[in-house]
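Reading through the structure tokens given below for one structure.
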Amino acid sequence: MNDAPKTALAPTLSDVAKLAGVSRAIASRALSAQPRPVSADKRERVLRAAETLGFRPNPLARGLASKTVNLVAILVNHIHDLSDLDLFDLLLAQIQAIGKQVIFIRIGAGEHAETFLRDGLAYHVDAALVFSDFADAGTVRRMFRNNAVLMLNGHHDAGAPSVTMDEDQGIREAVADAAAKGVRSALLLTGRTMSRVEQARIASYRTALARHGITQLGELAGDYSYASGRALAPSIDVDATDAVFCTSDAMAMGVLDAHRRHFPEHRPARFRLYGFDNVSLTQFDAYPISSIGADKRDYVAQIVRILEQPARLARVSEQVLVATRFVPRLTG
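As structure tokens, then:
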């Protein structure tokens, strides 16, 4: 004799409809997060029935019916920069605010990235947001079998919209600030130079420095991290260098900590220090670094605006530029 307790079946949408005295279609509309027509009386009866039965809508089943799953893929190289944390916290909140959830996919570099992209994924998503510069729009479409791809990595691929920060504007302002303060020589600390975004950033610095007659003493490559800035700091000739421009705030923080003696009360005694990204930590007393950055809320708003138009997302090659600006602080 089998005395094992029977498992109660979870209530279904049909059970809710029966208890509320409405059709299954009406119950579905009443429980939908989308603005769908149903009378206030029937909606109230359905919600009360669902609460009584402990019914929870199945998002997968709903997705199969609507051909959406309310899931967005975000493709990244990594998440370890301070700027990543600031940006993705805000982006995640805004995507969830429009009723969608996120999966992060870390692609990495080199041959591993090519294999990863070629082999594809077993995810069904409504859209893919591509921050990784190891991926192009065509490959991502094939990965997800979906044309809804938004490029956020500096690539402008045919058939895919993009949102890009206009970094040149902020760089021009920062270099002009340095020139106005008597800077005549400068060193550039860069991130990963194989990145298309970083290549454009470096080119903007070179052009701006030349325009103001500032001698560029060289370029030292890091990886955007605090550790790389700290490691490169001893290579700075503080007697010959008027300014150090870092292509990330985290690197600038590493430089500042290594050369604190040259920044009494955070002010430059030997060389001026400029960062990039305008991360939230630069607003605190410990790291008042002059920086460059876009309004992240504006940047995220542009992403979400496009994300909310799936038909346009899959067809229109819209290119949106979000301006950056120079933010002066004590180290500059």
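Just so we're aligned, residue 1 is where the sequence shown starts under full-length UniProt numbering, counting upward by one.
All C-beta atoms, glycine included, are put in the ideal place defined by N, C-alpha and C.
| Item | Value |
| --- | --- |
| For A178 and residue 360, believed in contact at Cβ under 8 Å, the rounded distance | Residue coverage of the chain in this structure runs from 1 to 332, which leaves residue 360 outside it and unanswerable. |
| Sheet register partners of R325 (DSSP bridge) | G293 |
| Reference E44, options V16, V163 and V69, closest by Cα | V16 |
| Own chain residues within Cβ distance below 6 Å of S225, not counting five before or after | A250 |
| Identified DSSP bridge partners for Q101 | L71 |
| Distance between Q319 and D157 (C-alpha atoms, nearest Å) | 10 Å |
| H266 versus S290 - alpha carbon distance | 11 Å |
| Length of the line joining the Cα atoms of R12 and V327 | The amino acid at residue 12 is misidentified as Arg; the sequence shows Thr. One C-alpha to the other measures close to 56 Å. |
| Alpha-carbon to alpha-carbon, T207 and G332 | 20 Å |
| Three-state class that DSSP yields for E308 in the structure shown | coil |
| Same chain only: Cβ atoms within 6 Å of E173, ignoring 5 sequence neighbours per side | F326 |
| Length of the line joining the Cα atoms of L330 and P288 | 6 Å |
| Whole-angstrom distance between Q309 and G229, CA atom to CA atom | 41 Å |
| Distance between beta carbons of L220 and S235, contact taken as under 8 Å | 6 Å |
| T164 and I202 closer than 9 Å at C-beta | no |
| Distance cut-off 8 Å: T247 Cβ against heavy atoms of the ligand SAM | Inclusion of the ligand SAM in the displayed structure is not the case, the ligand content being empty and no account of it being possible. |
| CA-to-CA distance, A286 to N278, given in whole angstroms | 14 Å |
| Neighbourhood of F263 by C-beta distance below 7 Å, restricted to the same chain and skipping five residues each side | L256, A269 and T331 |
| Supposed close pair L187, L217 - CB separation, criterion 8 Å | 5 Å |
| Exposure of V316, with buried meaning 16 or more beta-carbon neighbours within 10 Å | exposed |
| 9 Å Cβ cutoff met for V130 and M151 | yes |
| Beta bridge counterpart(s) of Q319 as assigned by DSSP | S162 |
| Other residues of its chain near I292: CB distance less than 8 Å, five sequence neighbours each side excluded | E167, G170, I171, E173, A174, Y274, G275, F276, D277, N278, T324, R325, F326 and V327 |
| Reduced DSSP secondary structure (H/G/I, E/B, other) of L82 | helix |
| Span of the beta strand (DSSP E) around A221 | T215 to A221 |
| Option in D223, V300 and A176 with minimal Cα separation from R192 | D223 |
| Status (buried if at least 16 other CB within 10 Å, exposed otherwise) for M253 | buried |
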